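There are 4 protein chains.
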Amino acid sequence: MSLLSLSCPVTFLSCPEFINWFMATKFIIGVMGPGETATPRENELAFELGKAIAREGWITLSGGRAFGVMNAVMEGAVLQGGLTIGVLPGDDEQGSSPHAAIKIVTGMGGARNLINVLSSHVLVVCGMAAGTASEVALAIKADKRIIMLDPDDVSEEFFRKIGSYKVSVAKTVKEAVSMIKNFLSVYG
Amino acid sequence: MSLLSLSCPVTFLSCPEFINWFMATKFIIGVMGPGETATPRENELAFELGKAIAREGWITLSGGRAFGVMNAVMEGAVLQGGLTIGVLPGDDEQGSSPHAAIKIVTGMGGARNLINVLSSHVLVVCGMAAGTASEVALAIKADKRIIMLDPDDVSEEFFRKIGSYKVSVAKTVKEAVSMIKNFLSVYG
Amino acid sequence: MSLLSLSCPVTFLSCPEFINWFMATKFIIGVMGPGETATPRENELAFELGKAIAREGWITLSGGRAFGVMNAVMEGAVLQGGLTIGVLPGDDEQGSSPHAAIKIVTGMGGARNLINVLSSHVLVVCGMAAGTASEVALAIKADKRIIMLDPDDVSEEFFRKIGSYKVSVAKTVKEAVSMIKNFLSVYG
Amino acid sequence: MSLLSLSCPVTFLSCPEFINWFMATKFIIGVMGPGETATPRENELAFELGKAIAREGWITLSGGRAFGVMNAVMEGAVLQGGLTIGVLPGDDEQGSSPHAAIKIVTGMGGARNLINVLSSHVLVVCGMAAGTASEVALAIKADKRIIMLDPDDVSEEFFRKIGSYKVSVAKTVKEAVSMIKNFLSVYG
Numbered sequence: 002m003s004l005l006s007l008s009c010p011v012t013f014l015s016c017p018e019f020i021n022w023f024m025a026t027k028f029i030i031g032v033m034g035p036g037e038t039a040t041p042r043e044n045e046l047a048f049e050l051g052k053a054i055a056r057e058g059w060i061t062l063s064g065g066r067a068f069g070v071m072n073a074v075m076e077g078a079v080l081q082g083g084l085t086i087g088v089l090p091g092d093d094e095q096g097s098s099p100h101a102a103i104k105i106v107t108g109m110g111g112a113r114n115l116i117n118v119l120s121s122h123v124l125v126v127c128g129m130a131a132g133t134a135s136e137v138a139l140a141i142k143a144d145k146r147i148i149m150l151d152p153d154d155v156s157e158e159f160f161r162k163i164g165s166y167k168v169s170v171a172k173t174v175k176e177a178v179s180m181i182k183n184f185l186s187v188y189g
Numbered sequence: 002m003s004l005l006s007l008s009c010p011v012t013f014l015s016c017p018e019f020i021n022w023f024m025a026t027k028f029i030i031g032v033m034g035p036g037e038t039a040t041p042r043e044n045e046l047a048f049e050l051g052k053a054i055a056r057e058g059w060i061t062l063s064g065g066r067a068f069g070v071m072n073a074v075m076e077g078a079v080l081q082g083g084l085t086i087g088v089l090p091g092d093d094e095q096g097s098s099p100h101a102a103i104k105i106v107t108g109m110g111g112a113r114n115l116i117n118v119l120s121s122h123v124l125v126v127c128g129m130a131a132g133t134a135s136e137v138a139l140a141i142k143a144d145k146r147i148i149m150l151d152p153d154d155v156s157e158e159f160f161r162k163i164g165s166y167k168v169s170v171a172k173t174v175k176e177a178v179s180m181i182k183n184f185l186s187v188y189g
Numbered sequence: 002m003s004l005l006s007l008s009c010p011v012t013f014l015s016c017p018e019f020i021n022w023f024m025a026t027k028f029i030i031g032v033m034g035p036g037e038t039a040t041p042r043e044n045e046l047a048f049e050l051g052k053a054i055a056r057e058g059w060i061t062l063s064g065g066r067a068f069g070v071m072n073a074v075m076e077g078a079v080l081q082g083g084l085t086i087g088v089l090p091g092d093d094e095q096g097s098s099p100h101a102a103i104k105i106v107t108g109m110g111g112a113r114n115l116i117n118v119l120s121s122h123v124l125v126v127c128g129m130a131a132g133t134a135s136e137v138a139l140a141i142k143a144d145k146r147i148i149m150l151d152p153d154d155v156s157e158e159f160f161r162k163i164g165s166y167k168v169s170v171a172k173t174v175k176e177a178v179s180m181i182k183n184f185l186s187v188y189g
Numbered sequence: 002m003s004l005l006s007l008s009c010p011v012t013f014l015s016c017p018e019f020i021n022w023f024m025a026t027k028f029i030i031g032v033m034g035p036g037e038t039a040t041p042r043e044n045e046l047a048f049e050l051g052k053a054i055a056r057e058g059w060i061t062l063s064g065g066r067a068f069g070v071m072n073a074v075m076e077g078a079v080l081q082g083g084l085t086i087g088v089l090p091g092d093d094e095q096g097s098s099p100h101a102a103i104k105i106v107t108g109m110g111g112a113r114n115l116i117n118v119l120s121s122h123v124l125v126v127c128g129m130a131a132g133t134a135s136e137v138a139l140a141i142k143a144d145k146r147i148i149m150l151d152p153d154d155v156s157e158e159f160f161r162k163i164g165s166y167k168v169s170v171a172k173t174v175k176e177a178v179s180m181i182k183n184f185l186s187v188y189g
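As given, the protein sequences belong to chains B, P, Z and V, one line each in that order.
Take the first sequence: its letter number 30 is residue 31 in my numbering, and every next letter is one higher.
Take the second sequence: its letter number 138 is residue 139 in my numbering, and every next letter is one higher.
Take the third sequence: its letter number 25 is residue 26 in my numbering, and every next letter is one higher.
Take the fourth sequence: its letter number 85 is residue 86 in my numbering, and every next letter is one higher.
Quick look at the structure:
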């Protein structure tokens, strides 16, 4: 059974909006943040963000593991019926979040951080840790737009310094979504 | 709009098979083969294979570029309403197949061949070239099951020798699909 | 001609310190910093650092390109007779520093930053830019010791925050070398 | 102490051939072959090859692990006073050959095979296994010259087919060295 045929093909094929959605450019929003060291507040924000991303019809991409921000954002997205991609560091699916619908298995450890960055049309950062910092830095290098969601002062100051106009700050999920829309508009 | 809300949310949410499909383990079938040097027959076979993969509800993964087997298999899959993933070697989406619904941008050149292999539950090979050979070899190393679709004698003999039981040969797309089903059954 | 035979084999073979040096654990010091955007002062510091590293018998590793800190540190090292390794992002040696004695060609773009980090026993950072920041972050993640050479306040505060004890600050090349010695002592 | 100063600086600095050697383009010969599954004969051939490479003043590069062809070729090279580079798949030096003078730690698993290929000016293959086959295939793709040392018929036929003029066959180490010289001459 394909996505369009299943046992209810008529329903799907008679819904042109679905076909259009499916064939349209699908924007990927990468969400980065701490793993084991994520705070409850960061996980909560990520969860809300995931729901908001899915509500917009965008795909959520994260580091794909079963804890912290990467897990929380995909959990929120799936709950809202969104598509999720987890880009995993290991050699197999072990340790991956149950909320990653599509698992990209890289076998490249921290080098997969570059893939997260390059595959995302816009990045949102929720919390800060070493892995997260490497992703923000690579995103600046790759000329991507990065939104820091309610960042601490030290991280904001540092990344604004090295990223200048590429780094924006949003205080709320709602503000972040509105910024994403704005940045995506360049893709026409 | 999310996948489930769009402008026809009732239709989708009232279709439990869709929800089940969406939340179920999604199998990824990697299809490898020549790019510029693919023969018309190889492209045709890949196109038929893509349609057959989509019909089964599996996701099609390929090298993602706009020509050869990787393009043909995704074109077939999309035509049948299937989901397609293109794992791209370059730094951006340039040169990617229009039939890649999800574009994973690796920026890692030929090293992305490992990602193709590790992210696929089963691999099908259609034609032979240097890049393709590296993928089959990496797949054997990673202990994946590989199906060679109507291979030439020299390639078949070589990969059977270094891959033993991991390498199977299918004469037709239909036979390949039946082998894939068999191999996927180990994932429960 | 091998390193030991050349046209003056007796000289080399009669110098047991050389043989000992050659077979001993060779420590690799990774030096990271801005490329095109490096200031004259940063390049000068890197040049002095390269000379100092070579004087200690350590190998200098950098990103290998022909400008900025990576070029300056290798130029200094070579001038002092030191061995240099350039880990290049591209597919070939094009654009590599003439002072890279050994060129590791990765073809992996920014993902090669991880290799710089993992291959170095200690890292020294001279100046700051997006690529540099990704390397410091990956080094913290990989549990390496990092020395920031005369950093700006914002960068120092940020990396001390996410790296805690792994990040040290040296005001001069001399102080950096003394810290490296200290950190290398754990390798016995 | 630097390579040139040690405790016998006069000896080294008074040997202009050494300085010349050290500053000259250093050719890197990549040697690929089976790990655990290498036969005694393959290890022996690799050991002889390593000695011969070192005798020519070339650097030996291999996969860097502590067994099979990669270990044997570096053991031979070191015995002859040659410089050796091991490009390791893991996150640290664990499991590396004691004969790897320089250890490049990639943390990228099988993706490091591409680095082996791109960093070598010429490749020699000794025996065949899945990892080895991926390297030969990537080398063909990267337009490198590959010498198969006493290959089995099936492997020879396959790689000649996909690599055409890029793949040569040598029956002995001596013949391989003479071919390498020939191929290196294009680098001027």
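Every residue gets a Cβ at the ideal spot worked out from N, C-alpha and C, and that includes glycine.
Remember, it's a predicted structure, so these values are computed and weren't measured experimentally.
Contact note: residue 77(P) does not reach chain B at a C-beta cutoff of 8 Å; the least C-beta distance is about 11 Å.
The beta carbon of residue 131(B) is closer than 6 Å to none in its chain, skipping five residues each way along the sequence. A distance below 8 Å separates the beta carbons of residue 105(B) and residue 86(B). Of the candidates 146(V), 101(V), 162(V) and 79(V), 146(V) places its Cα closest to the Cα of residue 124(V).
For residue 108(V), the chain B residues whose C-beta falls within less than 8 Å of its own C-beta are 109, 110, 111 and 112, listed in chain order.
Straight-line measurement puts the Cα of residue 170(B) at about 49 Å from the Cα of residue 134(V).
Within chain Z, the residues placing a beta-carbon under 8 Å from that of residue 92(P) are 110, ordered along the chain.
Counting only runs of at least 4 residues, the stretch 126 to 161 of chain Z fully encloses the following alpha helix (DSSP H) elements, listed from N- to C-terminal order: 131 to 142. Given a length threshold of 4 residues, each whole run of the alpha helix (DSSP H) inside the stretch 74 to 130 of chain P is given here in chain order: 113 to 120.
Along the stretch 123 to 147 of chain V, going in chain order, the ones with a CB nearer than 9 Å to a CB of chain P are 129, 130, 131, 132, 133, 134, 135, 136, 137, 138, 139, 140, 141, 142 and 143.
The residue among 127(V), 164(V), 63(V) and 156(V) with its C-alpha nearest the C-alpha of residue 139(V) is 164(V). Per DSSP, reduced to three states, the secondary structure at residue 47(P) is helical.
Under the 8 Å criterion on CB atoms, residue 86(B) is classed as interfacial with respect to chain P. Excluding the 5 residues flanking it on each side, residue 177(P) has same chain C-beta neighbours closer than 6 Å at 125, 148, 150 and 171, in chain order. Nearest to residue 92(V) by alpha-carbon distance, out of 110(B), 95(B) and 79(B), is 110(B). In the DSSP assignment, residue 187(Z) falls outside any alpha helix (DSSP H), carrying neither H nor E. By the neighbour-count definition (other C-beta atoms within 10 Å, threshold 16), residue 40(Z) is an exposed residue. Membership of residue 61(B) in the beta strand (DSSP E) is indicated by the continuous run 60 to 63. Residue pairing by DSSP places residue 42(V) opposite no residue, since no beta bridge is assigned to it.
Across the set 75(P), 52(P) and 36(P), the C-alpha of 75(P) shows the shortest separation from the C-alpha of residue 100(P). For the pair residue 108(V) and residue 144(B), the Cα-to-Cα distance works out to about 26 Å. Under a criterion of Cβ atoms nearer than 8 Å, the residues of chain V adjacent to residue 119(Z) are, in order, 92, 93, 106, 107 and 108. For residue 171(V), the enclosing beta strand (DSSP E) stretches over residues 168 to 171. The alpha-carbon of residue 81(P) is positioned some 15 Å away from that of residue 62(P). The DSSP-derived three-state label of residue 34(P) is coil. With a contact defined as Cβ atoms closer than 8 Å, residue 112(B) and residue 112(Z) qualify at about 4 Å. Neighbourhood of residue 159(Z) in chain B, by CB distance below 7 Å: 155, 156 and 159, in chain order.
Taking a 10 Å sphere around the C-beta of residue 66(P), we find 16 or more other C-beta atoms and assign the residue as buried. Less than 8 Å divides the Cβ of residue 98(B) from the Cβ of residue 71(B). Within the same chain, Cβ atoms closer than 8 Å to the Cβ of residue 96(V) are found at 66, 67 and 89, the five residues on either side in sequence being excluded.
Burial of residue 32(Z) is indicated by the presence of at least 16 other C-beta atoms within 10 angstroms of its C-beta. Here residue 103(V) really is in contact with residue 60(Z); their C-beta atoms are around 7 Å apart, less than 8 Å. Taking CB atoms only, residue 60(P) has a neighbour in chain B less than 8 Å away. When the five nearest sequence neighbours on each side are left out, the beta carbons in the same chain lying within less than 7 Å of the beta carbon of residue 43(B) are those of 34, 35, 70, 127 and 128, in order along the chain.
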